[in-house]
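Asks: Residue numbers (our numbering): 117 to 516.
(1) Out of curiosity, what's the CA-to-CA distance linking residue 377 and residue 430?
(2) DSSP three-state label for residue 461, please.
(3) Just mark residue 350 as buried or exposed, buried being the case when its beta carbon has 16 or more other beta carbons within 10 Å.
(4) Determine the extent of the alpha helix (DSSP H) in which residue 345 is found, giving its start and end residues.
(5) Helix, strand or coil for residue 147, going by three-state DSSP, please let me know.
(6) So, helix, strand or coil for residue 338, using DSSP?
(7) Are the segment 450-462 and the segment 432-440 in contact at 8 Å, needing three or more beta carbon pairs?
(8) With residue 257 and residue 406 assumed to form a contact (beta carbons below 8 Å), what rounded beta-carbon distance in angstroms separates them?
(9) Which same chain residues end up closer than 6 Å to residue 379 when comparing Cβ atoms and leaving out the 5 residues on each side of it in sequence?
(10) Shortest alpha-carbon distance to residue 329 belongs to which of 388, 353, 294 and 363?
(11) Counting along the chain, where does the alpha helix (DSSP H) carrying residue 218 start and finish?
(12) To the nearest angstrom, report how far apart residue 271 and residue 173 are at their CA atoms.
(13) For residue 230 and residue 204, which I take to be in contact (beta-carbon distance under 8 Å), what is that distance rounded to the nearest angstrom?
(14) So, helix, strand or coil for residue 251, using DSSP?
(15) So, residue 245 versus residue 302, is the Cβ gap smaller than 8 Å?
(16) Taking only three categories from DSSP, how would you classify residue 160?
(17) Quick one: using the 10 Å Cβ neighbour count with 16 as the cut-off for buried, is residue 117 buried or exposed?
(18) Measure the Cβ-Cβ separation of residue 344 and residue 360 and say whether it is below 8 Å.
Here you go:
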């Protein structure tokens with residue numbers, strides 16, 4: 117079976133790739149029937165020559181391959197009919213801006229496997245860049261703090277070669293006595309936690325965080341039932357919340373009253389309560405003045421996140437009184453970091469980590485008859501139609 121590492125063609129350029137040259141070589145050794153061709157690219161974090169050195173062919177023409185492995189959306193004009201494609205299509209939530217892409221995939225008889233749909237039997241994702249989003253997002257939040265308050269200056273992650281250098285750079289800073297609240301329990305949140313722990317920031321209990329003044333930087337790691345509560349006052353249930361959050365309301369203000377910095381690593385589901393609203397941000401007791409919004413849901417659960425920011429210009433400010441954007445260091449503003457493609461800043465490490473997961477969870481399925489059902493669950497389109505699991509997208513495809 118022939119696999120193509122396709123060139124990323126979306127703008128702004130994305131330097132990530134599914135497999136590094138070393139991982140291609142490792143896959144080929146374990147699965148001798150797997151053959152790789154790297155599409156020629158002047159963007160990819162690993163050079164064409166790096167693949168050639170490992171015995172991987174490099175070509176402008178990958179049309180002879182069976183499976184196309186990419187990261188971001190493939191432009192419609194670059195789609196090759198009758199192939200299997202793996203990439204983040206950003207269609208499974210009915211994103212209107214990619215409707216034409218899914219329509220073209222169906223018209224071209226392409227089998228689409230979205231990286232987000234690669235899950236185990238329980239529905240938990242098996243691969244992703246979440247850890248790296250968390251790592252870079254937490255770093256960027258601290259960078260904003262240092263620049264805004266004049267404590268220190270950190271370079272951009274995109275100007276550093278790898279994660280090891282990122283962590284070594286952090287070793288040079290000293291944080292003031294601030295309180296940081298970190299939300300979530302997934303790979304994103306634990307990526308952010310990795311940065312806080314590397315800095316030896318003290319993790320404290322919820323009770324201590326809410327009721328104690330510290331003379332050092334501390335953080336509190338909170339989950340969904342810590343910042344949401346049942347409206348009827350009864351004890352909450354996590355599974356129930358994710359199934360139907362309508363009986364819950366936000367309990368986040370108790371953290372907002374004592375926190376300086378919010379780092380978001382949570383997943384926000386439809387219908388869930390907002391963490392804080394625009395009215396909450398106006399409250400005289402609201403204390404948060406910097407948000408590293410890794411989750412980046414626009415006009416959603418984090419009122420200050422009014423637009424995504426960019427790697428080139430990662431920070432802006434939100435004025436709670438006017439509800440308008442201002443400079444990130446404007447007096448009274450909430451500084452916001454809301455870059456929505458954070459792993460792009462750490463392309464080498466992110467690619468290597470992603471490739472390890474793809475190697476472990478996906479590659480065996482091509483050669484063992486998909487014994488675990490990984491490919492079957494992930495398949496969105498086949499024979500020009502939506503598969504049963506994704507039939508809910510039909511009205512979206514139809515433009516309704």
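We put the beta carbon where it would ideally sit given N, CA and C, even for glycine.
Keep in mind it's a predicted model, so treat the numbers as computed, not measured.
Replies: Quick answer:
(1) In the chain shown, residue 377 corresponds to position 261, counting from 1. In the chain shown, residue 430 corresponds to position 314, counting from 1. In a straight line, the C-alpha of residue 377 is about 16 Å away from that of residue 430.
(2) Residue mapping note: residue 461 aligns to position 345 of the chain shown, counting from 1. In the structure shown, residue 461 sits in a helix (DSSP, three-state: H, G or I).
(3) Working through the chain shown from its first residue, we reach residue 350 at position 234. By the neighbour-count rule (16 or more Cβ atoms within 10 Å), residue 350 is not buried but exposed.
(4) Translated into the one-based positions of the chain shown, residue 345 becomes position 229. Counting along the chain, residue 345 falls outside any alpha helix (DSSP H), though it belongs to the beta strand (DSSP E) covering 344-346.
(5) As a first step, residue 147 is located in the chain shown; it is residue number 31 there, counting from the start. In the structure shown, residue 147 sits in coil (DSSP, three-state: anything other than H, G, I, E or B).
(6) Numbered from its first residue, the chain shown carries residue 338 at position 222. Note: residue 338 maps to strand in three-state DSSP.
(7) yes
(8) Sequence index remark: in the chain shown, residue 257 carries index 141 (1-based). Sequence index remark: in the chain shown, residue 406 carries index 290 (1-based). Yes, they are in contact, since the Cβ atoms of residue 257 and residue 406 sit about 7 Å apart, within 8 Å.
(9) Translated into positions along the chain shown, residue 379 becomes position 263. The answer, listed in chain order, is 254, 257, 298, 308 and 408.
(10) Stepping through the chain shown from its first residue, residue 329 is reached at position 213. Of the listed residues, the one whose Cα sits closest to residue 329 is 294.
(11) Taking the first residue of the chain shown as 1, we reach residue 218 at position 102. Run containing residue 218: 215-223, per the alpha helix (DSSP H) assignment.
(12) Here residue 271 is taken as the residue at index 155 of the chain shown, counted from 1. Here residue 173 is taken as the residue at index 57 of the chain shown, counted from 1. Those two C-alpha atoms are separated by around 36 Å.
(13) Here residue 230 is taken as the residue at index 114 of the chain shown, counted from 1. Here residue 204 is taken as the residue at index 88 of the chain shown, counted from 1. Indeed, because the Cβ distance is near 6 Å, the residues count as touching under 8 Å.
(14) Translated into positions along the chain shown, residue 251 becomes position 135. Looking at residue 251 - three-state DSSP - the assignment turns out to be helix.
(15) As a first step, residue 245 is located in the chain shown; it is residue number 129 there, counting from the start. As a first step, residue 302 is located in the chain shown; it is residue number 186 there, counting from the start. Going by C-beta atoms, residue 245 is not nearer than 8 Å to residue 302.
(16) If you number the chain shown from 1, residue 160 lands on position 44. It is coil, neither helix nor strand.
(17) Sequence index remark: in the chain shown, residue 117 carries index 1 (1-based). The residue is exposed, with fewer than 16 neighbouring Cβ atoms inside 10 Å.
(18) Position 228 of the chain shown, counted from the first residue, corresponds to residue 344. Position 244 of the chain shown, counted from the first residue, corresponds to residue 360. Their beta carbons are not under 8 Å apart, which means residue 344 does not touch residue 360 by this criterion.
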